[in-house]
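Asks:
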Amino acid sequence: MGSLVLTVGTGSTWAMRAALVLAMSGLAWQEQVFDLEDAKALQRLKRVGPAGLVPWLDHDGVRIHDSLAIAEYIHELCPDRRLYPASLAERALARSLCAELHSGFGQIRSQLPFFLGAPTRSEPPVEAIGELARLQTVWSQAREPFYFGEAGIIDAFYAVMAHRLASYGIVLPGQAGAYQQALLAWPLWQETLLKARLQWPVAARQSQ
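If you use our numbering, the sequence shown corresponds to residues 1098 to 1305, in order.
And the structure:
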């Protein structure tokens, strides 16, 4: 399989998604961590990163940047892990939902910034109501505990969003909320979250 090195940044939600997909793959990998709040680290990142952003994945001379592209690449490396559903229709839906999350929900991102600290409670901002309603619709169609019954890339992408909302005390009602809670309790997500909170900052300081 060759060596896999995932470059991540402290507090990066997209890096968390890529790390979570790798955790599902069963593959062995190493991590390189940049402190995204350190000016010198950011300068170095912009010099060495393919787009000056995290994450990116190095694999035997191949460099893949962007979390969605990384997820697709990992899926191709280990198709037996079924990181996308086996059904053609469900696979297409999973990809479309990942792409929608990847490029959309700008109001939620801007009005409800992601953070790794203790949860707080906040009324959903008016600007984000439409996007929260869209999540309600999409998550209401999820099977429990994972969107298509087995853990996959779509769940890795949504787990970070589930945590972002819960950080502000926002829990969606009904089946959407049940899916959100299942993602929050997902052991692999909890491991990734712990790594992002504790291990990545330490690794970033050691690399300086």
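Virtual Cβ for every residue (Gly too), placed ideally from N, Cα, C.
In this text, all values refer to a predicted model and were calculated from it rather than measured experimentally.
CB of residue 1277 to nearest heavy atom of the ligand NAD: below 6 Å?
Replies: Of ligands this structure carries none, so the ligand NAD is not represented either.
Asks: Where residue 1175 and residue 1213 are concerned, what is the direct C-alpha to C-alpha distance, given to the nearest angstrom?
Replies: As a working note, residue 1175 is residue 78 in the sequence shown. As a working note, residue 1213 is residue 116 in the sequence shown. Cα-Cα distance, rounded: 31 Å.
Asks: Express the C-alpha separation of residue 1146 and residue 1326 in angstroms, rounding to a whole number.
Replies: Outside the displayed span of the chain (1098 to 1305) sits residue 1326, for which this structure offers no information.
Asks: Would you please state the rounded distance, in angstroms, between the beta carbons of residue 1291 and residue 1259? I believe it to be under 8 Å.
Replies: Numbered from 1 along the sequence shown, position 194 holds the residue referred to as residue 1291. Numbered from 1 along the sequence shown, position 162 holds the residue referred to as residue 1259. Wrong, their Cβ atoms sit about 16 Å apart, outside the cutoff.
Asks: Do residue 1115 and residue 1161 come within 7 Å of each other at the CB atom, strictly closer than that value?
Replies: In the sequence shown, the residue the question calls residue 1161 occupies position 64. In the sequence shown, the residue the question calls residue 1115 occupies position 18. Not a contact, by the Cβ cut-off of 7 Å.
Asks: Quickly, what does DSSP pair residue 1131 with across the bridge? List them, please.
Replies: For the purposes of this step, residue 1131 is identified with residue 34 of the sequence shown, where counting begins at 1. DSSP, once it has assigned bridges, lists 1106 as partnering residue 1131.
Asks: Can you tell me where the alpha helix (DSSP H) holding residue 1252 begins and where it ends?
Replies: Working through the sequence shown from its first residue, we reach residue 1252 at position 155. Unbroken alpha helix (DSSP H) run through residue 1252: 1250 to 1264.
Asks: Below 8 Å on the Cβ atoms is my guess for residue 1233 versus residue 1269; work out the distance and round it to an integer in Å.
Replies: What you label residue 1233 is simply residue 136 of the sequence shown in a count that begins at 1. What you label residue 1269 is simply residue 172 of the sequence shown in a count that begins at 1. Contact flag correct, Cβ pair sits at about 5 Å.
Asks: What are the start and end residues of each continuous beta strand (DSSP E) run of 3 or more residues lying completely inside the region 1141 to 1194, in chain order?
Replies: List check, beta strand (DSSP E) in window: 1153 to 1156, 1159 to 1162.
Asks: Should residue 1217 be labelled buried (16 or more other beta-carbon atoms within 10 Å of its own) or exposed?
Replies: Working through the sequence shown from its first residue, we reach residue 1217 at position 120. Exposed, by the Cβ-count rule.
Asks: Assign residue 1210 to one of two classes, buried (16 or more other C-beta atoms within 10 Å of its C-beta) or exposed (fewer than that).
Replies: Looking up residue 1210 in the sequence shown gives position 113. Answer is exposed; the Cβ neighbour count stays below 16.
Asks: DSSP three-state call for residue 1209: helix, strand or coil?
Replies: Against the sequence shown, residue 1209 aligns to sequence position 112. Coil.
Asks: Taking 8 Å as the cut-off, does the region 1237 to 1246 touch the region 1101 to 1116 (at least 3 CB pairs, one atom from each stretch)?
Replies: As far as the Cβ criterion goes, the region 1101 to 1116 does not touch the region 1237 to 1246, which means the pair count is below three.
Asks: Could you tell me how far apart the beta carbons of residue 1132 and residue 1138 are, in whole angstroms, since I believe they sit closer than 8 Å?
Replies: On the sequence shown, residue 1132 is found 35 positions in, with the first residue counted as 1. On the sequence shown, residue 1138 is found 41 positions in, with the first residue counted as 1. So it is a contact: roughly 4 Å between Cβ atoms.
Asks: So for residue 1101, helix, strand or coil by DSSP?
Replies: Here residue 1101 refers to the residue found at position 4 of the sequence shown. DSSP places residue 1101 in strand when its eight states are reduced to three.
Asks: Helix, strand or coil for residue 1313? Go by DSSP, reduced to three states.
Replies: Outside the displayed range of the chain (1098 to 1305) lies residue 1313, so it cannot be described from this structure.
Asks: Mapping DSSP to helix, strand and coil, what is residue 1282?
Replies: Within the sequence shown, residue 1282 is the residue found at index 185, counting from 1. Reduced to three states, the DSSP call for residue 1282 is helix.
Asks: Does the Cβ of residue 1295 have 16 or more other Cβ atoms within 10 Å, making it buried, or fewer, making it exposed?
Replies: In the sequence shown, residue 1295 corresponds to position 198, counting from 1. Classification for residue 1295: exposed.
Asks: Taking Cβ positions, are residue 1118 and residue 1253 nearer each other than 7 Å?
Replies: Working through the sequence shown from its first residue, we reach residue 1118 at position 21. Working through the sequence shown from its first residue, we reach residue 1253 at position 156. Contact: yes.
Asks: Helix, strand or coil, according to DSSP, for residue 1269 in the structure here?
Replies: Position 172 of the sequence shown, counted from the start, is the residue given in the question as residue 1269. Coil.
Asks: At the level of alpha carbons, what is the spacing between residue 1206 and residue 1257?
Replies: Residue 1206 sits at position 109 when you count from the first residue of the sequence shown. Residue 1257 sits at position 160 when you count from the first residue of the sequence shown. Going by the C-alpha atoms only, they are around 11 Å apart.
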